[in-house]
Amino acid sequence: MTTSNVSSGVLYKIQNGASNTYVDIDSNSPYTVRGWEGHDGPTQKWYIELMDGGYVIRSAYNSKYIGLEKAAGNLIKVVALDYPFKWSASPDAGNYTITRFLVSDTTFALDLWGGESKNGTAIIVYSDYGGPHQRWRLERQSDSASSTAASVQEQLDQANGISLS
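Everything in the sequence shown is counted per my numbering, starting at 224 for the first residue and increasing by one.
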């Protein structure tokens, strides 16, 4: 088992290893996730939290989660969701400071389309092949999440149809 290089509950900026652009949520279209040149705004800040043996990635801007528009497969678009979506995270084999995110229990990796540095480039999932646009650098912004793991777990349970009452 590979040990993750992600600290749970920490606020990060997530930079692509090929383009040096960042994971960004569109402030005019709150479900759109894309690559964008770096800035200090909240649309590029993400809480990464450990949950059920995986990680959820939650926007500091609007509390939406990075997930998929439909079932995992090649070229499936990454979008912002109202409920938690689970990812696995592990250090890149060649560089421990680089993280690779895969859809939990699959071989589909978080991928910046073509490694393009153009603002608005789609973020997708694609079969994990170790490409540079499947590598992500985490830039720590702070050490505490604004929500508790319990509230994230409640949202996961609700999304999975589990009633607590």
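Glycine is no exception: its CB is placed at the ideal position from the N, C-alpha and C atoms.
For clarity, every value in this text was computed on a predicted model and none was experimentally measured.
Go ahead and pull the three-state DSSP assignment for residue i.
i	result
Val375	Confidence at Val375 is low in this model, with a pLDDT of 48, below 50, so the placement of that residue should be treated as unreliable; the coordinate-derived value is given next. Of the three classes helix, strand and coil, the one that applies to Val375 here is helix, per DSSP.
Leu387	With a pLDDT of only 43 at Leu387, under the threshold of 50, the placement of this residue in the model should not be trusted, and no figure is reported.
Gly338	helix
Asn228	coil
Between the Cα of residue i and the Cα atoms of the options, which residue gives the shortest distance?
i	options	result
Lys236	Asp351, Leu304, Asp334, Tyr270	Tyr270
Ile289	Gly276, Asp275, Lys268	Lys268
Ser250	Ser242, Ala283, Leu273, Ser227	Ala283
Gln364	Phe308, Gly258, Gly264	Gly264
Ile248	Thr322, Asn285, Thr320, Lys293	Asn285
Val348	Leu298, Pro307, Ala316, Glu339	Leu298
Phe331	Ala295, Ser242, Lys287	Ala295
His262	Gly276, Tyr278, Tyr245	Tyr245
Gly276	Glu362, Val229, Asp351, Ser242	Val229
Tyr254	Ala303, Val279, Thr266, Asn239	Ala303
Tyr351	Arg360, Ala316, Trp259	The question names Tyr, yet the displayed sequence has Asp at residue 351. Here the closest residue by C-alpha is Ala316.
Gly337	Ala241, Ser227, Ser311	Ala241
Arg358	Thr329, Tyr319, Asn342, Pro307	Tyr319
Arg281	Pro314, Arg360, Asn243, Phe308	Phe308
Where does the unbroken beta strand (DSSP E) through residue i begin, and where does it stop?
i	result
Lys300	299-304
Asp247	245-248
Phe331	331-335
Gly290	288-291
Gly296	Neither: Gly296 is in no beta strand (DSSP E) and is coded neither H nor E.
Gly258	256-259
Can you give the beta carbon distance from residue i to residue j, rounded, assuming they're within the 8 Å contact cut?
i	j	result
Val301	Val256	5 Å
Thr322	Leu335	Going by Cβ atoms, the distance from Thr322 to Leu335 rounds to 14 Å, so no, they are not a contact pair.
Gly232	Glu272	6 Å
Glu362	Gln238	6 Å
DSSP has residue i in a bridge; who is on the other side?
i	result
Lys236	Glu362
Glu272	Val279
Asp351	Paired residue(s): none; Asp351 is not in a bridge.
Ser313	Arg323
Ala345	Arg257
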